[in-house]
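Residue numbers (my numbering): 999 to 1765.
First the structure, in the form of structure tokens, and then the observations on it.
If you want it as structure tokens, here you go:
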């Protein structure tokens, strides 16, 4: 029996019934309206029948893996222009205007819509009977459930893909000859042919998706919206196999929708003097509800899909998006530009990202950095030669043009990249960020091998961004806070987000409650990448990593002392992790709990677990295991045990005695508090030279503070204030240690400011 959910509680419901129907491709056709703060238009979804009802082999077992034929191995996966009509021009003006209704009309339509479908609203995960399970066929219409929130849905219709221009050329195959004369079956068979076409026909596939998305509607579908979902049905259709496999949804977002934020390029508070006014922008900011308030979709990670999108915005605005191509705008009419992006690697809909604003591209003014990158690449290449034999294996993911099977991509240490920022931050970006990107990309390549994505955009987002960074396919958002104070914070955060290309994107968690698989890995790898990017010596690397470990230990200790125990568990669903209901719906445990947004426990405990494993197996062997894991699982969804089982196989018996997946669950993932293996580590980190140097400086400041307090009328002698210069992380530790003192006199604070020029340090020191 499936559980009923109360949407007012802390768990985030994933409502989509993916076991019945699975989205394989989205085509978005949208307009950005800054005046009304809405994004409106249509989305066409192309489905395959889900695993519960798909005809399978006699074994009856569904598998996410698809065997490549040998010719797939060496195909190129780089983006290029496709010969197609721009999606932006596809919407019939007459048809679109029919739905450009006034607010009063929309209200009336909304009330009407609520009567279009079954009386039950999507306030929870229904039982299999309510969802038209297999035992109920013949009694009820099949109900398609999509994840949806904060959207005004105007119309849902079936798409007549059989009427799409040029589609007959694509679908002229033996598989269609036996189709019955029923037009509905023909339409579904066309969609099946389209979504299962070979990877090497991706250009033709996108072309046909475009034309199918432009095809006329062939009947409205009944729908209703609930708190978390959009429910759609077609009268008389009782099975997923017979339900339309291409549907078009006309909708608009709401200004208060939680998937995107509308702001100005400096949040309207800190408009730089070089601009006459703050300019509007909108972007996805990594909401706990993901993208369901941006477009109706299937949110569960298992719903891996591709997408293409055409977005129209006023001239002067730049549209950046998760896409394999570097889009160039096309002018449709005076004052309106259209931007087109596409993705051919199946990804969860939650990874879709968009940002629209008056961003400026920051371009390199010299070729010095390019020369440095070439040198670094040559330096790093030898360590990767041993990886190439793993690439000879057939990939384990669904079929797509994989960079791991592309010889040119495997040798590409630095992928093409661009940087965008508000005009007044361009100089700051040019000073550090542009130089750091190739160094960090090269260091990541040296560590993990082939870049999973073919290009990278980096956007400096508005100052209301609540995080230091966020990674999505082909694009990284960085906070403005990482720019001041030198290269350290900018470099480490950039390395963290680059690491997500492998862990979090190319390899995703099958259950979103296991955030540590993404954030723990990125935190661990940021240290590895940043050390290589700086080309530090072995002793320098060890010192910096020990210092960083101590700082993270202090943060973890404080967080454990000041947070609810249930939020400290990395695998909160324990043995039920990864389990789905019969319909495919599930929950993200504590996904809506407000405090969780500010917690770092999944970053920190995940980092310490990986660090512990690295010490047990040895760093060189451990990084080799990570590369093997990437080769085996890229393009797939994993659980904790997938990684742990593989790594433990590489630990020699004499070192790994007693270390099992179950013991790691018990000590690290399934319980709150500080993991037992960590309790003795603090004293080890304190012996680090960089930490001892800070301790010496702390002692001097405390002694000076006491001396001043005892003789406050006497001036401090200048020769008594000789302090060493410290690294940014050392400064953080110094200031944290001084904050533990009961009292610091004002003159000490002033002296700290002068000695370390605190106002010119990075955001972590300033904080």
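By construction, the Cβ of each residue, glycine as well, lies at the ideal position given by its N, Cα and C atoms.
Beta-carbon separation (whole angstroms), residue i vs residue j, contact threshold 8 Å
i: residue 1474; j: residue 1439; result: No, residue 1474 and residue 1439 are not in contact; Cβ-Cβ is about 11 Å, not under 8 Å.
i: residue 1244; j: residue 1301; result: No, residue 1244 and residue 1301 are not in contact; Cβ-Cβ is about 16 Å, not under 8 Å.
i: residue 1322; j: residue 1472; result: 6 Å
i: residue 1583; j: residue 1015; result: 6 Å
i: residue 1448; j: residue 1407; result: 6 Å
i: residue 1217; j: residue 1156; result: 5 Å
i: residue 1262; j: residue 1460; result: 7 Å
i: residue 1502; j: residue 1608; result: In fact, because the Cβ distance is near 14 Å, the residues do not count as touching under 8 Å.
i: residue 1207; j: residue 1306; result: 6 Å
i: residue 1023; j: residue 1193; result: 6 Å
i: residue 1443; j: residue 1238; result: The pair is not a contact, with the Cβ atoms about 43 Å apart (cut-off 8 Å).
i: residue 1290; j: residue 1455; result: Contact doesn't hold; Cβ gap of about 24 Å is too wide.
i: residue 1320; j: residue 1351; result: 5 Å
i: residue 1020; j: residue 1045; result: 6 Å
i: residue 1246; j: residue 1040; result: 5 Å
i: residue 1159; j: residue 1228; result: Not really, about 21 Å apart at Cβ, beyond 8 Å.
i: residue 1334; j: residue 1147; result: So it is not a contact: roughly 29 Å between Cβ atoms.
Contact set for residue i: own chain, Cβ-Cβ below 6 Å, skip 5 residues either direction
i: residue 1418; result: 1357, 1359 and 1457
i: residue 1544; result: 1683 and 1686
i: residue 1674; result: 1665
i: residue 1513; result: 1600
i: residue 1529; result: 1539
DSSP beta-bridge partners of residue i
i: residue 1419; result: 1358
i: residue 950; result: Here the chain comprises residues numbered 999 to 1765, so residue 950 is not present and cannot be evaluated.
i: residue 1346; result: 1302
i: residue 1245; result: 1043 and 1156
i: residue 1337; result: 1309
i: residue 1260; result: 1280
i: residue 1038; result: 1029 and 1250
i: residue 1145; result: 1227 and 1295
i: residue 1677; result: In the DSSP output, where bridge partners are listed per residue, residue 1677 has none listed.
i: residue 1475; result: 1457 and 1468
Cutoff 7 Å; reference residue i; Cβ partners in own chain excluding five residues on either side
i: residue 1597; result: 1557, 1561 and 1565
i: residue 1760; result: 1482, 1483, 1484, 1486, 1487 and 1726
i: residue 1478; result: 1423, 1458 and 1461
Within-9 Å CB hit, residue i to chain C
i: residue 1332; result: The structure shown contains no chain C; it holds only a single protein chain.
Cβ shell of residue i (< 8 Å), same chain only, five flanking positions each side left out
i: residue 1354; result: 1030, 1279, 1280, 1281, 1309, 1311, 1315, 1316, 1317 and 1318
i: residue 1009; result: 1003, 1585, 1586, 1587, 1588, 1589 and 1590
Reduced DSSP category for residue i - H, G, I as helix; E, B as strand; rest coil
i: residue 1649; result: coil
i: residue 1298; result: coil
i: residue 1683; result: helix
i: residue 1759; result: coil
i: residue 1396; result: coil
i: residue 1226; result: coil
i: residue 1641; result: helix
i: residue 1014; result: coil
i: residue 1480; result: helix
i: residue 1113; result: Residue confidence for residue 1113 is low, a pLDDT of 38 falling below 50, so the modelled location carries little weight; the figure read from the coordinates is stated next. Coil.
i: residue 1283; result: coil
i: residue 1740; result: coil
i: residue 1510; result: coil
i: residue 1706; result: helix
i: residue 1291; result: coil
i: residue 1218; result: strand
i: residue 1325; result: coil
i: residue 1634; result: strand
i: residue 1187; result: helix
i: residue 1516; result: helix
i: residue 1725; result: coil
i: residue 1503; result: coil
i: residue 1330; result: strand
i: residue 1235; result: coil
i: residue 1720; result: coil
i: residue 1150; result: strand
i: residue 1700; result: helix
i: residue 1213; result: coil
i: residue 1162; result: coil
i: residue 1672; result: coil
Residue i Cβ short of 8 Å to the ligand SAM heavy atom set
i: residue 1321; result: The model on display carries no ligand, and the ligand SAM is accordingly not part of it.
Complete runs of the beta strand (DSSP E) confined to the segment 1532-1616 [at least 3 residues]: 1584-1586
Start-end ranges of the alpha helix (DSSP H) lying completely within the segment 1403-1473, minimum 4 residues: 1405-1408 and 1432-1446
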